[in-house]
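The structure appears below as structure tokens.
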Amino acid sequence: WNNSIINDEGEEIYPGRIPRCIISKRFSNETILWYMCKERIDGSGKVTQVFSFWAKLLVLGEGTPDICRYPSQTSILSRNGEAAWQSLTSTRTTTPPIVELMH
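Mapping of the sequence shown onto this note's numbering: position 59 corresponds to residue 60, and the numbering continues sequentially without gaps.
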């Protein structure tokens, strides 16, 4: 975003920006996992990321190179007997999403 401004506290904010859903690879201890978060924008325009769900990162041998490149799909994890996308402690009462790739 090129239209950011600096607020009175010296923080960069983005007026009028729409919050995003972000799926990214992140480390949890020594394991790399997929994490899904949503952004929240408070009344002052400050953007924070709130992580909500995680899933095992598929590696080669558990799927084709194309499948392993993208966020783990619920159907593939379930078929392999793995738990699919799971809630973090802060979102235990929220049903995890079903994640599938559209071809």
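Just so you know, even glycine gets a beta-carbon here, dropped at the ideal spot from N, CA and C. In this text, all values refer to a predicted model and were calculated from it rather than measured experimentally.
Helix, strand or coil, according to DSSP, for residue i in the structure here?
i      : result
Thr49  : strand
Thr96  : coil
Leu89  : coil
Ser79  : helix
Ile68  : helix
Met103 : coil
Ala56  : strand
Glu12  : coil
Ile23  : strand
For residue i, I'd like the list of residues in its chain whose CB is within less than 8 angstroms of its CB, leaving aside the five on either flank, ordered along the chain.
i     : result
Glu89 : Rather than Glu, the amino acid found at residue 89 in this sequence is Leu. Phe52, Ser53, Phe54, Trp55.
Ile7  : Glu13, Ile14
Val48 : Ile14, Tyr15, Arg18, Pro20, Glu40, Arg41, Ile42
Gln87 : Phe54, Trp55, Ala56, Pro97
Have a look at the DSSP bridge pairing and note the partners of residue i.
i     : result
Thr32 : Ser29
Glu40 : Gln50
Closer than 6 angstroms by C-beta to residue i: which residues in its own chain qualify, once you throw out the five before and the five after it? Chain order, please.
i     : result
Ala85 : Thr75, Leu78, Ser79
Leu59 : Cys69, Ser73
Should residue i go down as buried or exposed, given a rule of 16 or more other Cβ atoms within 10 Å for buried?
i     : result
Ser45 : exposed
Tyr36 : buried
By Cβ distance below 7 angstroms, which residues in the same chain neighbour residue i in space, the five residues on each side in sequence not counted?
i     : result
Gly64 : Ile77
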